[in-house]
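Enquirer: Right, I'll just put the structure down here and ask away after.
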Amino acid sequence: MLSDEFLAEVRNYKHKNIALETLKKLLNQEIKARSKTNLVQSKTLKEMLEDSIRRYHSKAISSVEFLDELINQAKEIKNMDTEYQKLGLTEYEYAFYTAVASNKSAKELMQTNKLRELAIELFNRLKSLVSINWTKKESVRAKLRVTVKRTLRQFGYPPDMQKLATDTVLKQAEQLAKELLK
1466 MLSDEFLAEV RNYKHKNIAL ETLKKLLNQE IKARSKTNLV QSKTLKEMLE
1516 DSIRRYHSKA ISSVEFLDEL INQAKEIKNM DTEYQKLGLT EYEYAFYTAV
1566 ASNKSAKELM QTNKLRELAI ELFNRLKSLV SINWTKKESV RAKLRVTVKR
1616 TLRQFGYPPD MQKLATDTVL KQAEQLAKEL LK
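In our numbering, the protein residues as written are 1466 to 1647.
Pasting the structure below:
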């Protein structure tokens, strides 16, 4: 939907306000769709879009600059679609990768390969432990939390960020609950 041809067409619309609204609506739909599989990525994209909208409404940027920002965000979304393939991950493993790689100190301390392995391991361990209604059973949630913490420690994840990473990984698991049960 966000092809280069479409983006070029939108850029050349005679009525910029229609182009802005169309692109803004499409980006919101794309972000909403991503929130079902990749919590961290959708949150990042949503913040970028909201920042651009806020700057446009406060007249910090012109409508042409706003349109350019929206087009660049659309291109970034397209690039994100192939990122998981470049890392050799499934879409679901990549969701866990973004959850653990969102921490700057973890990214600096651990290499991409190690974060990749950690994401695969987390996905597989959580997949083997989840059960129907696991999000409502506190005992299962506690077991998953312990498993995530143990796995993070095992892979040398920075201790200062383990709690945040654990929470993010569990939220990501909740988003993918139906897929984890397969």
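Glycine included, each C-beta is placed from N, C-alpha and C at the ideal position.
1) What is the rounded straight-line gap between the Cα of T1577 and the Cα of H1480?
2) Quick check on DSSP: helix, strand or coil for Q1506?
3) Does the contact criterion of 3 or more C-beta pairs under 8 Å hold for the segment 1474-1490 versus the segment 1524-1537?
4) Using the rule of at least 16 other Cβ atoms within 10 Å of the residue's Cβ for burial, across every protein chain shown, is E1495 buried or exposed?
5) For the alpha helix (DSSP H) that I1542 lies in, which residues bound it at each end?
6) Just how far apart, CA to CA, sit K1544 and L1574?
7) On a Cα-Cα basis, can you pick out the residue from I1526, L1580, K1524 and K1497 that is closest to E1558?
Expert: Short version:
1) 44 Å
2) helix
3) yes
4) buried
5) S1528 to K1551
6) Per the sequence presented here, residue 1544 reads as Asn, with Lys not at that position. Cα to Cα, the separation comes out at about 25 Å.
7) L1580
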